[in-house]
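These notes are about the structure you will find just below.
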Amino acid sequence: MIPGAPLVVLIPLMSGAAIFVLRRWIRAEAVVAALLCLLISALIIFVPTTPLPIVPGANVAISLDAPLEVLGRTLRVQPENRALLGLLFIAAALLFLLSWRVPQGSLFVPLGLMALAALVAALLVSPFLYAALAFEAAAAFAVLMIQAERGGERSTLGALRYLIAVTLAMPLLLLAGWVIDSASVPSPVDAASAESTYGAAAILLLISFGLLLGAIPIFTWIHPVVHDAPPLVAAFLTAVGIGAASFLLMKLLQAYLWLRLIPLFSQSLIAGGLVMIAFGGVLAWAQGSFSRLLACAVFVEVGCLLLNLGSASQAGAEAVAFSLPARALALGTFGLGVWRLRAARNSDDFVAVRGLRDVWGGLALGIGGLSLAGLPGTLGFVSRWLTIQAYGLSDPESLALLSFAQISIGVGLVRGLSAMFQQSDPELVGDLSRSETLDLGWANRIPVYPARTPATAPTVIGIVGIVNPLSDVLSRLRQQLDERLPVAAGAVALVVLGLWPEPLAWLAKAAAQHFLFSP
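Taking the numbering used here, the leading residue of the sequence shown gets 281, the next gets one more, and so forth.
Pasting the structure below:
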């Protein structure tokens, strides 16, 4: 009998190592990684609980829910984990697909698979306190992903902030596990006994998960990571990384009755969620760059996650599960637009991109941003509606705050897009184009610094252009198609799934049916 847990962890880990060694096939690595994640997701979701024979005529079978003991620790794909793990792999696959022919650093795909393996291990390991080690391993991979495009004198603030936050959360999780194990009352029946016995553990869990989710303090690792990391790397960490942490917290709420009996825990989650939503909403409309606007949108996303977790209800669990692929697709599509701006102007500031008139970049930013703003007809609206249903319609002030935050994101997006399609400032364009540019299409110009060339170079270039003009045209068209296809796919997926969300809703319901939170 082969347990399924090591396969779920080792396959992406070993695949990431293999892709890291064989990085020459850069065009295929994103597609291979995405297909691998989708295959693992399908196996986790659809393979029956009974052992599955893999060698006909031999007693060799795979059992997903069979436990694996490693040094006294248990790795197991439990029934409540299956749909959550499937959604985690689907979200990673979406981001890998969007990174096809969109350079995000040569290490994004291999290190993304390795980080995904560590996050999956955090959801499978028992006791839960060893999940802290898995999150620390994922953070180590994430640091290298964040620094993929940075070096020399450029800032390392994002990587350091993320690593520090996860490192500070690790001892708190370990200490919380020790407090839980040493408790004298294993099963409290009321709030008073639960708070007196497990109050310290609840506070430790609040602080540790607040650090992992980027909510403590408010201005911690989210903004520096979004600013410093390649756009799809930032989307991976704020979607898949935060999603894994929220899934683990949801599992703890299900496993420990005392955690739901302590009023301070749920009240702190809800209060933190409202503060995050207010913080993102107040800042979003006045931002001067698309990356800062993206950070504000992530603040609002984290706030909605905290509201769903604080509700401790099945509807909240469904909203948490549904929001993961919706957040990954919206952040990834928006990140494609940020990548195009940085490729064209070396910046995503509104002033720097004024007059760029990049239709495909505007499409990615517009559809992705409107989904993050929860516009009806996009996938983000479905996620927001599930949050409103989970949190309840009896708190008009909180709903008004959420609506204000969504409108603020929309206003900031309109400001940025208006700058893109306004007439450019000649002095600014002159400053930005002091270096020569290599034209890869009217909407994508990559800065290239001038170099000394021999006197015969123009003659050689002219001969090549005369001899093989068709090849040059076809190469340019193919490159433009490769760059625009992920943008079109992401925008279409956000609209189609927004109008027809049943596939993702089915998975979210399957994930939530195991989280009854009763009483």
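Even for Gly, the Cβ is constructed at its ideal location relative to N, Cα and C.
Q: Just tell me which of V357, A670, G596, G648 has its CA closest to the CA of S526.
A: If we check each option's Cα against that of S526, G596 comes out closest.
Q: Give the straight-line distance between the Cα atoms of M530 and N361, rounded to the nearest whole angstrom.
A: One C-alpha to the other measures close to 11 Å.
(Q) Please state the DSSP three-state secondary structure of P783. (A) Here P783 sits in helix by DSSP.
(Q) Assuming R353 is part of the beta strand (DSSP E), what are its boundary residues? (A) Where R353 is concerned, the enclosing beta strand (DSSP E) stretches over 353-355.
(Q) Using only CA atoms, which one of I282, G284, I320 lies nearest to S295? (A) Comparing Cα positions, the closest option is I320.
**Q.** Neighbour-count burial assignment, P766, 16 or more Cβ in a 10 Å radius
**A.** Per the 10 Å Cβ criterion, buried.
Q: For the alpha helix (DSSP H) containing V618, list its first residue and its last residue.
A: Segment 594-625, the alpha helix (DSSP H) holding V618.
**Q.** Nearest candidate by alpha-carbon position, reference L589, set F661, F300, L486, I647
**A.** It is L486 whose Cα lies nearest to the Cα of L589.
Q. Around the Cβ of L761, are there at least 16 other Cβ atoms within 10 angstroms (buried) or fewer (exposed)?
A. Around the CB of L761, fewer than 16 other CB atoms lie within 10 Å, so the residue is classed as exposed.
Q) To which residues of the same chain is F797 closer than 7 Å at the C-beta, ignoring the five residues directly before and after it? A) Once the five neighbours on either side are set aside, the close Cβ partners of F797 are L533, Q534, R540, A592, S593, Q594.
**Q.** Classification of F326 by the beta-carbon crowding that lies within 10 angstroms, buried from 16 upward
**A.** Within 10 angstroms of the beta-carbon of F326 lie fewer than 16 other beta-carbons, which makes it exposed.
(Q) Restricting to Cα atoms, I'd like to know which of D628, V459, G672, V772 is closest to L573. (A) Among D628, V459, G672, V772, the Cα nearest to that of L573 is on D628.
Q. Sorted by chain position, which residues of the same chain lie with C-beta nearer than 6 Å to G617's C-beta, five sequence neighbours on each side aside?
A. Excluding five sequence positions before and after G617, the CB atoms of its chain that fall closer than 6 Å to its own CB belong to G641, A644, L645, given in chain order.
Q) Is it a yes or a no for the region 348-366 touching the region 780-796, going by three-plus beta-carbon pairs under 8 Å? A) Touching, yes.
Q. Under 8 Å, do G490 and I502 count as touching if we go by C-beta distance?
A. Cβ atoms of G490 and I502: not closer than 8 Å.
(Q) Whether or not the region 648-666 and the region 400-419 are in contact is what I'm after, with contact meaning three or more pairs of Cβ atoms, one per stretch, closer than 8 Å; do they touch? (A) Touching, no.
Q: Taking H794 as the reference, give the member of Q703, W565, Q358 with the closest Cα.
A: It is Q358 whose Cα lies nearest to the Cα of H794.
Q) Tell me, which residues are paired with V776 by DSSP? A) Bridge partners of V776: none, in fact.
Q.
Considering only DSSP beta bridges, list what V562 is partnered with.
A. The partner list for V562 (beta bridge, DSSP) is empty, contrary to what the question assumes.
**Q.** Closest residue to R634 among F614, G568, C576 (Cα-Cα distance)
**A.** For the set F614, G568, C576, the Cα lying nearest the Cα of R634 is the one of G568.
Q. With A509 and G438 assumed to form a contact (beta carbons below 8 Å), what rounded beta-carbon distance in angstroms separates them?
A. Yes, they are in contact, since the Cβ atoms of A509 and G438 sit about 6 Å apart, within 8 Å.
Q | Proximity of V506 and S462 at Cβ, strictly below 8 Å | A | For V506 and S462, no; Cβs fall outside 8 Å.
Q: For A551, count neighbouring Cβ atoms within 10 angstroms of its own Cβ and tell me buried if that reaches 16, exposed if not.
A: Classified as exposed, A551 has fewer than 16 neighbouring CB atoms from the shown chains inside 10 Å of its CB.
Q) Which term fits P676, buried or exposed, when burial requires 16 or more other beta carbons within 10 angstroms of its beta carbon? A) Burial call: exposed.
Q) By a C-beta neighbour count over all protein chains shown, 10 Å radius and 16 as the cutoff for buried, is V744 buried or exposed? A) Reliability fails at V744, whose pLDDT of 42 lies under 50, so the model's placement of it is uncertain and no value is given.
Q) Name the DSSP beta bridge partners of P283, please? A) DSSP, once it has assigned bridges, lists S343 as partnering P283.
Q.
For A608 and A371, what's the separation of their Cα atoms in angstroms?
A. If you draw a straight line from the Cα of A608 to the Cα of A371, it is about 6 Å long.
Q: Would you identify the three-state DSSP class for V405, choosing helix, strand or coil?
A: Judged by DSSP in its simplified three-state form, V405 adopts strand.
Q: Work out the CA separation of V459 and S473 for me, nearest whole Å.
A: Whole-angstrom Cα-Cα distance: 15 Å.
Q: Give the single residue among P543, Y536, D638, V600 whose Cα lies nearest to the Cα of Q703.
A: Ranking the options by Cα distance to Q703, first place goes to D638.
(Q) I need the straight-line Cα distance from V311 to I444, nearest angstrom please. (A) In this structure, the CA atom of V311 is about 32 Å from the CA atom of I444.
(Q) Please list the terminal residues of the continuous alpha helix (DSSP H) segment that includes F348. (A) Looking at the sequence itself, residue 348 is Leu, so the reference to Phe does not match. Bounds of any alpha helix (DSSP H) do not take in L348; it lies within the beta strand (DSSP E) bounded by 348-350.
**Q.** Nearest-angstrom beta carbon gap, V288 and F324 [assumed within contact, 8 Å]
**A.** In the sequence as presented, Phe is not what sits at residue 324; that position holds Ile. Their Cβ separation, rounded to whole angstroms, is 7 Å, which keeps I324 and V288 in contact under 8 Å.
**Q.** Beta-bridge pairing of D629 - partner residues as DSSP gives them
**A.** In DSSP, D629 forms a bridge with S569.
Q: Verify whether the separation of the beta carbon atoms of G612 and L512 is less than 8 Å.
A: Yes, these two residues count as a Cβ contact at 8 Å.
Q. Can you tell me whether DSSP reads H507 as helix, strand or coil?
A. Here H507 sits in helix by DSSP.
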